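K.L.:
Before I ask anything, here is the structure I am working with.
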Amino acid sequence: MIRRLCGFMGAEAVFTELAGALQEEADLTFVATMVQVCVCVCVRAPAFVHMRVCVRACIFVHMHVCACT
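The sequence shown begins at 83 in my numbering and counts up one residue at a time.
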């Protein structure tokens, strides 16, 4: 279902909306499960190459900023 939504709306839009919704969720078990599903979708689907590159870049920048402060 997530892959189909990404096909219609674009991966970044879907994952951004999903992340916003999960931030408000109180059930942390559900949140953890959804994050695992999203990671599996992103890692396996060739359509998400651009998104994986962006996430890697964000993680690198975040780690660099954290190391410098």
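Every residue, glycine too, gets a C-beta built ideally from N, C-alpha and C. Please read these numbers as outputs of a predicted model, since none were measured by experiment.
Are the segment 103 to 117 and the segment 125 to 144 touching, with three or more C-beta to C-beta distances below 8 angstroms?
P.N.:
The segment 103 to 117 is not in contact with the segment 125 to 144.
K.L.:
State buried or exposed for residue 108, treating a residue as buried only when at least 16 other CB atoms are found within 10 Å of its CB.
P.N.:
exposed
K.L.:
Within 10 angstroms of the Cβ of residue 97, are there 16 or more other Cβ atoms? Answer buried if so, exposed if not.
P.N.:
buried
K.L.:
Closer than 6 angstroms by C-beta to residue 91: which residues in its own chain qualify, once you throw out the five before and the five after it? Chain order, please.
P.N.:
Excluding sequence neighbours, residue 91 sits near nothing in its chain.
K.L.:
For residue 123, does the count of other Cβ atoms within 10 angstroms reach 16, so buried, or fall short, so exposed?
P.N.:
Counting Cβ neighbours within 10 Å, residue 123 comes out buried, since at least 16 surround it.
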